[in-house]
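Q: Chains as they are written, first to last, in the numbering used here: chain H, 135 to 255; chain L, 135 to 255. By construction, the Cβ of each residue, glycine as well, lies at the ideal position given by its N, Cα and C atoms. The structure presented is a predicted model; accordingly, all values stated were derived computationally and were not measured. Quick one: the structure is below, questions incoming.
Number of protein chains: 2
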Amino acid sequence: MELSKINLDSKLKSFNEYWTPKIVGELNGQHVKLAKFRGDFVMHKHEQEDELFFVISGKLFIQLKSQTLELNVGEFVIIPKGIEHKPYAPEEVSVMLFEPASTLNTGDSRSELTVSKLDKI
Amino acid sequence: MELSKINLDSKLKSFNEYWTPKIVGELNGQHVKLAKFRGDFVMHKHEQEDELFFVISGKLFIQLKSQTLELNVGEFVIIPKGIEHKPYAPEEVSVMLFEPASTLNTGDSRSELTVSKLDKI
Chain H
135 MELSKINLDS KLKSFNEYWT PKIVGELNGQ HVKLAKFRGD FVMHKHEQED
185 ELFFVISGKL FIQLKSQTLE LNVGEFVIIP KGIEHKPYAP EEVSVMLFEP
235 ASTLNTGDSR SELTVSKLDK I
Chain L
135 MELSKINLDS KLKSFNEYWT PKIVGELNGQ HVKLAKFRGD FVMHKHEQED
185 ELFFVISGKL FIQLKSQTLE LNVGEFVIIP KGIEHKPYAP EEVSVMLFEP
235 ASTLNTGDSR SELTVSKLDK I
């Protein structure tokens, strides 16, 4: 089997949409995703899945019930299942996500932002 | 619940040992680990676990049966379970690992390099 490495910058250059995670890897039933965020997302939670946000470029805010996290390049946070969170980014931010393959981007808050079928890039 | 972010640089500054992964996060039965590598590791495989290597600084080589991968900063590879691999790094490299909590660093090749009980930092 021939294995290939993934270069984050080159994958990030291949798309421009915001709030539309792309699958770049799969292991142990988990997906590695890349996404670009800008503006406000919806407050939501995932009933079954813990979710990791790692900032590759820019600055990501995650609003929780009683605190707001500010994540800069080289920082990550794990949002445990059941915890309501609202990502937002005044300027464009590039993020790597690590979560179960079953995870829906808007969790329990389906809206026009929901992406049910993710592209693999 | 108060959540804290993790800063990779500050975690990496907190240890110096090579080939001794430290746990920096846990989600969905998976561990996020940081490690510093320098020199040669052993050829090994994991029977049950896929393993992700993401390079934070430096250059990581992974020797496989019929190819050698060269990973630079911002690049990752997923080594599927059952695939023999030998990481090596002529110069120090800092790496983030994603893998099931059950993963043993030397897989099926127990040696003096085996670390059975990992620190959480």
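Would you call the CB atoms of H:LYS139 and H:PRO155 closer than 8 Å?
A: no
Q: I'd like to confirm the pairing. Which residues does DSSP put opposite L:THR202 in its beta bridges?
A: L:GLN197
Q: Would L:SER228 be called buried (16 or more neighbouring beta carbons within 10 Å of its own) or exposed?
A: buried
Q: What residue from L:ALA223, L:ALA235, L:VAL249 and L:SER191 has the CA that sits closest to L:THR202's CA?
A: Looking from the CA of L:THR202, the closest CA among L:ALA223, L:ALA235, L:VAL249 and L:SER191 belongs to L:ALA223.
Q: Could you check whether the Cβ of L:ASN162 sits closer than 8 Å to any Cβ belonging to chain H?
A: yes
Q: Looking at C-alpha atoms only, which residue of H:SER245, H:LEU186 and H:LYS215 is the closest neighbour of H:GLU209?
A: Comparing Cα-Cα distances from H:GLU209 to each of H:SER245, H:LEU186 and H:LYS215, the minimum goes to H:LEU186.
Q: Going by the CB atoms, is the gap between H:HIS178 and H:THR240 shorter than 8 Å?
A: Yes, these two residues count as a Cβ contact at 8 Å.
Q: For L:GLY192 and H:GLY216, what's the separation of their Cα atoms in angstroms?
A: Roughly 37 Å between the two C-alpha positions.
Q: Sort L:PHE149, L:PRO214, L:ILE190 and L:PHE232 by Cα distance to H:GLU136 and report the nearest one.
A: Among L:PHE149, L:PRO214, L:ILE190 and L:PHE232, the Cα nearest to that of H:GLU136 belongs to L:PRO214.
Q: Could you tell me the boundaries of the beta strand (DSSP E) in which L:ASP174 lies?
A: For L:ASP174, the uninterrupted beta strand (DSSP E) run begins and ends at 164 to 174, by DSSP.
Q: Are H:GLN197 and H:LYS220 close, meaning C-beta to C-beta below 8 Å?
A: yes
Q: Quick one: list the residues of chain H neighbouring L:ILE212, beta-carbon separation under 7 Å, in chain order.
A: GLY159 and LEU161
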